[in-house]
Structure formats: structure tokens, C-alpha cells
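Numbering-wise (the numbering used here), the sequence shown opens with residue 38 and increments by one. Positions of the beta carbon are idealized from the N, C-alpha and C atoms, including for glycine. None of these values were measured; they are calculated from a predicted model.
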Amino acid sequence: MFEVTRYEASRRVRGTVVLSVLVALLGLLMVAFFPSVRTSSAALEEYIANLPPAFREAFGIDSFGTIEGFLATELYQFGWVILLGVYFGYRAGSLVAGDVEDRGIDLWLATPLSRARLVIERYLSLVPTMVAVNVVTPLVVLPAIAVVGEPVPVERVLAVHLLSVPYFLTTAALGLLLSVLVSRESTASRGALGLVFGLFLVESLASVGDVGWLGAVSPTRYFDPTGVLLRGAYDPAGAVILLGAAVGGVALAVALFRRADIT
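1) Excluding five sequence neighbours on each side, which residues of the same chain lie with their C-beta closer than 6 Å to the C-beta of PHE294?
2) Can you give me the start and stop residues for the alpha helix (DSSP H) that THR45 sits inside?
3) Report all residues from its chain with a CB closer than 6 Å to the CB of VAL60; omit the five preceding and five following residues, and keep chain order.
4) Give the secondary structure of LEU163 by DSSP, where H, G and I count as helix, E and B as strand, and everything else as coil.
5) Starting from THR224, trace the alpha helix (DSSP H) in both directions and tell me its first and last residue.
6) Is GLU222 closer than 7 Å to THR42 when the C-beta atoms are compared?
7) For the segment 92–150, list the alpha helix (DSSP H) runs that are entirely contained and at least 4 residues long, ordered along the chain.
8) Pull up the distance between the alpha-carbon of ALA282 and that of VAL202, whole angstroms please.
9) Can you tell me the Cβ-Cβ gap for GLU105 and VAL184, rounded? I've got them flagged as a contact below 8 Å.
10) With DSSP collapsed to three states, give me the class of GLY285.
11) For a cutoff of 7 Å on Cβ pairs, would you count VAL123 as touching chain C?
12) Is DSSP giving GLY212 helix, strand or coil here?
13) Go ahead and pull the three-state DSSP assignment for GLU192.
14) Is it buried or exposed, SER131, if we count other Cβ atoms within 10 angstroms and call 16 or more buried?
15) Do LEU63 and GLY126 have their C-beta atoms within less than 7 Å of each other?
16) For LEU17, I'd like the list of residues in its chain whose CB is within less than 7 Å of its CB, leaving aside the five on either flank, ordered along the chain.
17) So what's SER255 in DSSP terms, helix, strand or just coil?
18) Find the nearest neighbour of ASP272 within the set THR257, VAL284, GLY286, GLY285, judged by alpha-carbon distance.
19) Skipping 5 residues on each side, what residues in its chain have a beta carbon closer than 6 Å to that of TYR259?
20) If distances are taken between C-alpha atoms only, which option among PRO72, VAL137, LEU121 comes closest to THR207?
21) Cα separation between ALA243 and GLY235?
22) Where does GLY286 land, buried or exposed, given buried means 16+ other C-beta within 10 angstroms?
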């Protein structure tokens, strides 16, 4: 059981290690940079107040002069919501389309492995990478925060990482859907990248306009690092919605792939 997941995950070990280290170093850099930000926080807050509301909303800019607000914007809103969200959608876009394009899928389908199991296990092969980046980063960031002498509730930092997993699962499910709909790997991956980022923009613009309901289709509506870090505003209901969306997306991808005519 889960042989495909183990095989695919083992092929990504090097990439997972590199990604985890790079993201952790980004977090370390942000923490190290904060003392210089704190000394000019008054000027920064004035500058931020003059930014367009849509821009402030998109990047979760709030209380930039505190370590919580700074990390929420520079590390989690940008690094987690945008970069990693797009990354997992992009990677998922190649899970099926890549093998369909180069005909490697014929070897898989010649085995007793069902199409449903193939799709599900390939999707699950991204989970170790999601876990790795969310384990390594706080192990680096939390001690660094303590060194610079900025008190931050540890449970809030850990909550951000925990709540990001359903978000990543959802963006990966979007990429998986495109991967079974499109037979070209590059098209599926780039399409997933554009879709995830486009949904981020939809939520950002809808939240400052009169069409707030439109943002409900975006995964970013249900994952708010700024609210967690600054106010301890945990959203378990949002996490459940994201998990439901991920499960639904994978189920739809399985149904579509079962009916796909691969010739």
C-alpha cells in the first residue's frame, strides 16, 4: 500500500530538503532584518497607511512595526500564501500530465494499479514536502526570534504552520485537476500557477470592493497568517472548508481520470 506515494516522494527528497532549507533561511533572514525595521517603524507605518487598501489587504500588512506583523507580511503572507501556495499547485500540475505526455502512463496502467489509486497516491506524494517545510522553518525561526529579544506567542507561530497544510492541500488539488484535464505537463503546471495566483488576486480585490462574496471561491479566504499571528484569530472552520475542498478536488480529479481516453 502507498508504494506509488513512497516512490514519488523518494524522488523528491533532494528537492524537499533544498526547499525546506531555503524557506527556513528566508525566515531567518526576515527575523535578522527586523531590528532595523523596528527602528524606523513610525516612518514605515505612515508609508503603509498611504498604500492602496487592496495592496494592504493582499499582503496582510498590519502592525508592520511588530515582529508578528512583520513576519506575517514578509514571511507568511508572501512566502506561504503566495510562493508556496503557487509552488504546490505548480508541482501538482505535473503529477499526471507529465506521464501522459511522455507516455510513461502506459507502464503504470499496465500494472494492476487502478487509476484512482494512481491519482490519489501521486497527490499524497506532495504531503511530505508540505510537512517538511512546516517543521523545519519554525525550528529555525522560533530560536531566532528569541535571540533578537522579541516575544512572540509560540502557539501562534505553530498554528500558522499547522493551518497552512489544508491550504497547501487545496492548491495542490487545483493543480491535480488541471493535470488530469490537460495532457501537456507545461500547460497544466503553468495553468495551475496562474489559477492559484489568480484566486489570490480575486480574494484580495473582492475584500476591498462590493463583491466580497466573490472571494469565497479563493483558498486564501480561509487561511489568514496575519490574523493568527497578530490576534490569535484561529479559524478551524476555514481549515475544515479547505480540507473539504481538497478532498472534493481530488475526488473530481479521480472521476475525470477514470473516464479519460488516454491514447
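This is what the structure holds:
1) ARG152, VAL156, VAL217
2) In the sequence under discussion, the amino acid at residue 45 is Glu, which differs from the Thr named in the question. Segment 40–48, the alpha helix (DSSP H) holding GLU45.
3) VAL170, THR174
4) coil
5) 222–243
6) no
7) 104–108, 122–129, 134–139, 142–146
8) 13 Å
9) In fact, because the Cβ distance is near 16 Å, the residues do not count as touching under 8 Å.
10) helix
11) Protein chain content of the structure displayed is limited to a single chain, and chain C is not contained in it.
12) helix
13) helix
14) buried
15) no
16) The question about residue 17 has no answer here: the residues shown for the chain are numbered 38 through 300.
17) coil
18) THR257
19) GLY275, ILE278, LEU279
20) LEU121
21) 12 Å
22) buried
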